[in-house]
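Quick notes on the structure that follows.
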Amino acid sequence: MLLGSRAGVSKSTSPPPEPSQPAVLLSRAIEVIQAGARLAAAAASQGAAVAADNRTVHHRLPALLLGLVAQLLAAAPASAATELPPLPGSGQVQRPNIVVVMTDDQTLESVRVMENVERLIAAAGVTFESFYTTYSLCCPSRSTFLTGQYPHNHGVLGNYPPNGGYGALDYSNTLPAWLQRAGYNTAHFGKWLNGYGQGGKRKQKEIPAGWSEWYGLVDPKTYLYYGYTVNENGRLKTYRRKPGNYQTDVLTDKAVAVIGRFARQRKPFFLNVAYMAPHATASAGGSPATPAPRHESAFDGVALPSSPSINEADVSDKPAQIRELPLLTAEELEEARQRYESRLEALLAVDEGIARIVSALASAGELGDTVIVFTSDNGYFSGEHRIEEGKVLPYEESIRLPLIVRGPGFPAGAVTGALAANIDLAPTIVELARATARRTQDGRSLVPALEQPATVWARDFLIEAGPDPSSEDESENDRAAQSFLGLRTDRYLYVEYDSGERELYDLVLDPFQLESRHADPAFDAIEADLAARLDAFRDCAGSACA
Ligand SMILES: [Ca+2]
Ligand SMILES: [Ca+2]
Ligand SMILES: [Ca+2]
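Take 4 as the starting number for the sequence shown in the working numbering and just add one per residue.
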């Protein structure tokens, strides 16, 4: 342990001071050097194949180092750098701390504006290129994260009753409860399952099983960036509209304070930092996300992503619910662009929050023993396939998500093509924590891909939606009126709708999903094969889903 590294947090319960910029840079430089040394050692001991597999890393290291050294020379005063992560081997990693940061409705594309995610997680860890949610809607997706199960097994099929919502899950048998039994301190911050806190004061004061500390946003005010209420370990606190109460910043403050408290205890810890950003400001009505005042102009006038599927010209290949959509008008496209701008701006406070969380871990001497997972619960449309806004549908913008993980033993700056889904998150965390899952796990641990990013595995997984009787009343689900069941393979997406309609995309030839091939005779054999594989997965549980 380096001298002084805990001094800042042991003197008071207030959040530890953030390390100065040079201290952060120096920590980062040391981490990059350490990562390079680990890779070199791995290559030397395991032969040329490993070195070749990690070539991306080796190419990136010199540039990263040069950049960091230049910044250090420019910025470092003599007093900098008192707080450093532990050196390799200085602490025995038994059970690592695990910090999950999950944003709400964030697309994969938008990660490009998050420099700290890139610098502190991606450059220090493993980025999954192909990570998906199996049900692109808040409550079913988060229930999958908490259980390791498909929605058809955990039973949360929508955001609200009768087929979903807060009351639909047995929290005493979810990931945080399993981690507590394995000896973890656990803490939740931010968004919980839809409907949490509704139904009177007693419901607002409820704390779900599994959490040592609880800072849950209380519905229906969860989706307000100001004026929201947090259940803080059983006490309700409302944060009125003033700049210091910006929701994302307040959630970061809570997480940083808890890191300080947990780090002084012997137990490892699990933090679930569930930022509501960049979700729209209200759950109904589609008001744009609210950026922090300091970020309001960061992306003024930014163009929508240049995807060829935006305002798709020919939708004759698609099911009726898309076929019947008119081309978006210039005004509608401008509204989608404004929403996109606000969402990017709202992500900047999340990105700053990640830097503060990493700094807090480093200050507490815990960074080297901590796995950090960055992801989102579902994606979002911004005009693709003529869909002005929303999610749920099985297109890439809605289901493909960021998953970036750093942690002890994982290579730095690596990218893996291993096909992964949110059913895999709980099995991964259970393995890392050496805990025991008490539900049959439908996903698989991603630890092999984290340790060896060149890992490839053959697998299929389901993309589900519904049946959700509540969805017809929810404007945010307005494109999800019907249920579907789809199969994602390493190459194809095949979907069967309740209406009997089908979709089939070859994602190698058609990554933007412009031409469904379900009616193309050239794809008959492929479609028959995919339909049979989907049938075999339809009601799968556990190893039958593998
Ligand atoms: Ca969501
Ligand atoms: Ca703006
Ligand atoms: Ca088309």
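The beta-carbon is built from N, C-alpha and C at its ideal position, and this holds for glycine as well.
Small disclaimer: the values here were computed from a predicted structure and weren't measured.
Find out if the Cβ-Cβ distance for the pair Asn550, Arg389 is shorter than 8 Å. Outside the displayed span of the chain (4 to 549) sits residue 550, for which this structure offers no information.
Quick one: any contact between the stretch 398 to 416 and the stretch 104 to 116, if contact means 3 or more CB pairs under 8 Å? Yes, since at least three Cβ pairs between the stretch 398 to 416 and the stretch 104 to 116 fall closer than 8 Å, the two stretches touch.
What residue range is occupied by the uninterrupted alpha helix (DSSP H) comprising Gly263? For Gly263, the uninterrupted alpha helix (DSSP H) segment begins and ends at Gln250 to Ala266.
Please state the DSSP three-state secondary structure of Tyr163. Note: Tyr163 maps to coil in three-state DSSP.
Distance, Leu149 Cα to Thr241 Cα: C-alpha separation (whole angstroms): 27 Å.
Delimiting residues of the alpha helix (DSSP H) encompassing Thr147: Where Thr147 is concerned, the enclosing alpha helix (DSSP H) stretches over Cys141 to Thr150.
Between which two residues does the beta strand (DSSP E) carrying Glu355 extend? For Glu355, there is no enclosing beta strand (DSSP E); the enclosing alpha helix (DSSP H) has its first and last residue at Ala333 to Ser366.
What three-state label does DSSP hand Glu530 in the structure shown? In this structure, Glu530 counts as helix in the three-state DSSP scheme.
So for Ala323, helix, strand or coil by DSSP? Assignment of Ala323 by DSSP, reduced to helix, strand and coil, places it in the helix class.
Let me confirm a value: Asp501 is counted as buried when at least 16 other C-beta atoms fall within 10 Å, else exposed. Which label applies? Here Asp501 is exposed, its C-beta having fewer than 16 other C-beta atoms within 10 Å.
Can you name, in chain order, every residue of its own chain whose Cβ lies under 6 Å from the Cβ of Ala73, other than the five neighbours on each side? At Ala73 the pLDDT is 42, less than 50, meaning the model places this residue with poor confidence and gives no usable figure here.
I'd like the list of long-range same chain contacts for Ala258, defined as Cβ closer than 7 Å, with 5 residues on each side in sequence excluded. Excluding the 5 residues flanking it on each side, Ala258 has same chain C-beta neighbours closer than 7 Å at Phe192, Leu274, Val276 and Ile360, in chain order.
When a residue counts only if its C-beta is closer than 5 Å to some heavy atom of ligand 1, which residues count, in chain order? In chain order, the residues with a C-beta atom nearer than 5 Å to some heavy atom of ligand 1 are Asp107, Asp108, Cys141, Asp380 and Asn381.
As a quick check of your reading: which residues have a C-beta less than 7 Å from at least one non-hydrogen atom of ligand 2, in chain order? Taken from the N-terminal end onward, the list reads Pro294, Glu299, Ser300, Ala301, Phe302, Asp303, Glu344, Ser345 and Glu348.
Just to check, is the beta-carbon of Leu517 closer than 7 Å to a non-hydrogen atom of ligand 3? Leu517: yes, Cβ under 7 Å from ligand 3.
Beta-carbon of Lys257 versus every beta-carbon of chain D: anything under 8 Å? The chain inventory of the structure shown lacks chain D, comprising one protein chain alone.
Burial state of Trp217, where buried means 16 or more other Cβ atoms lie within 10 Å: Around the Cβ of Trp217, a 10 Å sphere holds 16 or more other Cβ atoms; the residue is buried.
Do the CB positions of Pro472 and Asn166 come within less than 8 Å of each other? Cβ atoms of Pro472 and Asn166: closer than 8 Å.
Expressed to the nearest angstrom, what Euclidean distance is found between the alpha-carbon atoms of Val102 and Thr373? Rounded to the nearest whole angstrom, the C-alpha separation of Val102 and Thr373 is 7 Å.
Closest to Pro281 by CA distance: which of Arg342, Gly203, Leu336 and Val408 is it? Scanning Arg342, Gly203, Leu336 and Val408 for the CA closest to the CA of Pro281 turns up Arg342.
Count the other CB atoms, across all protein chains shown, that sit within 10 Å of the CB of Ala528; report buried if there are 16 or more and exposed otherwise. Its Cβ having fewer than 16 others within 10 Å, Ala528 is exposed.
Report the rounded CA-to-CA distance for Asp517 versus Ser312, giving the unit in angstroms. Contrary to the premise, residue 517 reads as Leu rather than Asp in this sequence. Going from the Cα of Leu517 to the Cα of Ser312 covers about 6 Å.
Contacts around Thr431, its chain only, beta-carbon distance under 7 Å, and the 5 residues preceding and following it disregarded: If the five residues before and after Thr431 are omitted, its C-beta is found closer than 7 Å to the C-beta atoms of Ser448, Leu449 and Val450, all from its own chain and listed in chain order.
Kindly indicate the opening and closing residues of the alpha helix (DSSP H) around Leu453. Taken as a continuous stretch (DSSP letters only), the alpha helix (DSSP H) holding Leu453 covers Val450 to Glu454.
Considering just the uninterrupted stretch of the alpha helix (DSSP H) at Thr431, what are its terminal residues? It spans Leu428 to Ala436 - the alpha helix (DSSP H) in which Thr431 sits, taken as one unbroken run.
Buried or exposed: Lys321, going by 16 or more other Cβ atoms within 10 Å of its Cβ? Lys321 is buried by the Cβ-count criterion.
Name the two residues that bound the continuous beta strand (DSSP E) containing Lys240. Counting along the chain, the unbroken beta strand (DSSP E) around Lys240 starts and ends at Arg238 to Tyr242.
Beta-carbon spacing of Ala125, Tyr174 below 8 Å: Against a cut-off of 8 Å, the Cβ pair of Tyr174 and Ala125 comes out as no contact.
What would DSSP say about Arg122, mapped onto helix, strand or coil? Residue state, collapsed to three classes: helix.
May I ask which residues mark the beginning and end of the alpha helix (DSSP H) holding His155? Start and end: Pro154 to His157.
Through-space distance from Thr147 to Asp108, alpha-carbon basis: CA-CA distance, Asp108 to Thr147, rounds to 15 Å.
Please classify Val511 as buried or exposed, where buried requires at least 16 other C-beta atoms within 10 Å of its C-beta. That one is exposed.
Using three-state DSSP, classify Phe515 as helix, strand or coil. When DSSP states are grouped into helix, strand and coil, Phe515 belongs to the coil group.
Can you tell me whether Asp523 sits near ligand 3, meaning its C-beta is under 7 Å from at least one heavy atom of the ligand? For ligand 3, not one heavy atom lies less than 7 Å from the Cβ of Asp523.
Let me know the secondary structure DSSP gives Thr225 once reduced to three states. Helix, per DSSP.
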